[in-house]
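Student:
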Amino acid sequence: MKVSVPPIKSQGIKTKLVPWINSIIPADFDGKWIEPFMGTGVVAFNLAPSNALMCDTNPHLINFYQSIADNIITPEIVREYLNKEGKILLEKGESHYYGIRERFNEHHNPLDFLFLSRAGFNGMIRFNQKGGFNIPFCKKPQRFAQAYVTKIVNQVASVSQILKLKDFEFKCQSFEKTLSKVEVGDMVYCDPPYIGRHVDYYNGWNEENENQLFNELEKTKGQFILSTWHHNDFRKNEYIESHWDKFNILTREHFYHVGGSEKNRNPMIEAIVTNFETVINNYQKPKQEQLVLLGS
713 MKVSVPPIKS QGIKTKLVPW INSIIPADFD GKWIEPFMGT GVVAFNLAPS NALMCDTNPH
773 LINFYQSIAD NIITPEIVRE YLNKEGKILL EKGESHYYGI RERFNEHHNP LDFLFLSRAG
833 FNGMIRFNQK GGFNIPFCKK PQRFAQAYVT KIVNQVASVS QILKLKDFEF KCQSFEKTLS
893 KVEVGDMVYC DPPYIGRHVD YYNGWNEENE NQLFNELEKT KGQFILSTWH HNDFRKNEYI
953 ESHWDKFNIL TREHFYHVGG SEKNRNPMIE AIVTNFETVI NNYQKPKQEQ LVLLGS
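What follows is the structure, given as structure tokens:
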């Protein structure tokens, strides 16, 4: 399965896990695909279901993709914008990045959000307690070379084409509200922040959130797929035994890669939790397989 990278990227993106997720979806599924934590949207944009509800509490993610759906943001507009701002970035350097960051935090332009997500340090997306984007510059004034701009434009074009052919709805709302709308026949894909992993999220994530998510999924009328972590070399996810073990769990090893050094590659066992039996290549619950994530 060829996997496409969406125009908005961030830490924890599931690009390399899309084929695994796709392989466990029942062949007869034809209901609504629902994501309470859409993030970059990489899973849904690659699976391209006929009908999808994409939700997140981060209004900037929702605004960006809704703007593509409404044809406010087009590939041509993105090319013109990135060429213009990239040229200024090359001339002025980091001062221009911080100027756009300040402008975005005041006006919330979705094109500025795209710029910051691609010119910020390590491709991270993070907001402070006041809701301000606070990632520093990546120190690459030449960031928006023509080939890179074309790559992003093509990613926008790919998403735009999907949204023209499929019925995708975007909403900025809590996962509780999203899960309350699930009906029989729906498939919910949950990719919440990984509890205990010191992750950043627009509204934070704690034990109370994890408990609430468990309670909502336990009583859901539909089927669900949950991404979380199982364990690493140093500790285990305690919520696997206390909560998620009552469902079906598949595991697979992969590496989180941060920085350019081999020593920064940290192996972890990724877990997928479902409330339905899964069959992959005619085998139930396969042994752990190695999947290396080196970024996209």
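Whatever position you read off the sequence shown (first residue = 1), add 712 for the numbering used here.
Each residue gets a CB set at the ideal place from its N, CA and C atoms; glycine is no exception.
Just so you know, these numbers come straight off a predicted model, no measurement behind them.
(1) For S892, which of C884, F856 and T932 has the nearest alpha-carbon?
(2) What residues in its chain sit with their C-beta under 8 Å from that of K948, if we drop five residues either side in the sequence?
(3) Expressed to the nearest angstrom, what Euclidean distance is found between the alpha-carbon atoms of F833 and P719?
(4) I'd like the span of the alpha helix (DSSP H) that includes T890, first residue to last.
(5) Report the rounded CA-to-CA distance for P853 versus A869, giving the unit in angstroms.
(6) Please report the residue range of the beta strand (DSSP E) in which E747 lies.
(7) For V865, does the count of other Cβ atoms within 10 angstroms reach 16, so buried, or fall short, so exposed?
(8) State the Cα-Cα distance for the pair T890 and G805, rounded to the nearest angstrom.
(9) If you measure between the beta carbons of D903 and F741, is that distance less than 7 Å?
(10) Q935 bridges to which residues according to DSSP?
(11) List the DSSP bridge partners of E953.
(12) Among I961, L929 and Y906, whose alpha-carbon lies nearest the alpha-carbon of N918?
(13) I'd like the span of the beta strand (DSSP E) that includes L765, first residue to last.
(14) Could you tell me the boundaries of the beta strand (DSSP E) in which D879 lies?
(15) Would the segment 758-770 and the segment 780-800 be scored as touching if the rule is three or more Cβ pairs under 8 Å?
(16) Are the beta-carbon atoms belonging to F936 and N987 less than 7 Å from one another?
(17) Below 6 Å, is the gap between the Cβ of L729 and the nearest heavy atom of the ligand MG?
(18) Suppose the cutoff is 6 Å on Cβ atoms and the five residues either side in sequence are ignored; what does the same chain contact list for I847 look like?
(19) Note down the Cα distance separating L802 from L794, rounded to an integer number of angstroms.
(20) DSSP three-state label for V894, please.
(21) Can you tell me the Cα-Cα spacing of Y664 and R855, whole angstroms?
(22) Pull up the distance between the alpha-carbon of I952 and that of N944, whole angstroms please.
Tutor: So, from the listed chains and residues:
(1) T932
(2) Around K948: H942.
(3) 16 Å
(4) F887 to L891
(5) 25 Å
(6) W745 to E747
(7) buried
(8) 41 Å
(9) no
(10) M899.
(11) As far as DSSP is concerned, E953 takes part in no beta bridge.
(12) When each option's Cα is compared against that of N918, the closest is Y906.
(13) N763 to D768
(14) D879 to C884
(15) no
(16) yes
(17) Within the structure as shown, the ligand MG is missing, as the structure has no ligands at all.
(18) G832, F833, M836 and R838
(19) 12 Å
(20) Residue state, collapsed to three classes: coil.
(21) This structure gives no information on residue 664, because the portion of the chain shown stretches from 713 to 1008.
(22) 13 Å
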